Amino acid sequence: SPQGGISDADLGAMQGIAIIGANQLSGLWQYTTNGGTNWTDIGATSSAHALMLASNSNTRLRFTPSPGYTGTVGFTFVAWDVSSGLNGDYGNATIRGGVSAFSIKKDVATVTVV
């Protein structure tokens, strides 16, 4: 879970994230939904085309830097309660909060390549 966790008014709601922006200038962000057997490049993302990833043992995210790259890269996400959409699919996260599957607040996760 993101730092500080995710809370949802819907009791028992599952947790995940929806990526609404990713810095791809210095390498590739990739995800897997099958424990790392297959990795898929994250394409263009936005609030209208958000990549939904569930928080489970088979779903992972990684950054593969371009050769010689060092520095910090990140992606922007909102919380996703998995009440609509499927793990690894793209969905519309422009409507957020209330009974929506997506949180109002967004956050940024970063990784530093050394």
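Everything in the sequence shown is counted per our numbering, starting at 118 for the first residue and increasing by one.
We put the CB at the ideal spot given by N, CA and C, even for glycine.
Since the structure is predicted, the reported quantities are computational estimates derived from the model, not experimental observations.
How many angstroms separate the CA atom of residue i from the CA atom of residue j?
i	j	result
Phe-180	Leu-203	22 Å
Thr-162	Ala-139	7 Å
Thr-150	Asp-206	10 Å
Gly-215	Val-225	22 Å
Gly-188	Ala-218	33 Å
Met-169	Arg-177	12 Å
Thr-229	Leu-145	14 Å
Quick check on DSSP: helix, strand or coil for residue i?
i	result
Gln-141	coil
Ile-159	coil
Arg-213	coil
Ala-218	coil
Asp-224	strand
Ser-118	Caution is warranted here: a pLDDT of 48 is assigned to Ser-118, below 50, making its placement in the model unreliable, and the coordinate value is therefore given only provisionally. The answer is coil: DSSP assigns Ser-118 none of H, G, I, E or B.
So, is residue i buried or exposed, given that buried needs 16 or more other C-beta atoms within 10 angstroms?
i	result
Asp-158	exposed
Tyr-186	exposed
Leu-142	exposed
Ile-212	exposed
Ser-220	buried
Val-231	exposed
Kindly list the residues whose CB is nearer than 6 Å to the CB of residue i, restricted to its own chain and excluding five residues on each side of it in sequence; keep chain order.
i	result
Thr-154	none
Gly-152	Asn-175
Ser-200	Ala-218
Excluding the 5 residues flanking residue i on each side, which residues of the same chain have their C-beta closer than 8 Å to its C-beta?
i	result
Lys-223	Ile-137, Thr-193, Phe-194 and Val-195
Excluding the 5 residues flanking residue i on each side, which residues of the same chain have their C-beta closer than 7 Å to its C-beta?
i	result
His-166	Tyr-207
Ser-183	Ser-143 and Gly-144
Which runs of the beta strand (DSSP E) fall wholly inside the stretch 144 to 203 and span at least 3 residues, in chain order? 144 to 149, 167 to 171, 177 to 182 and 188 to 197
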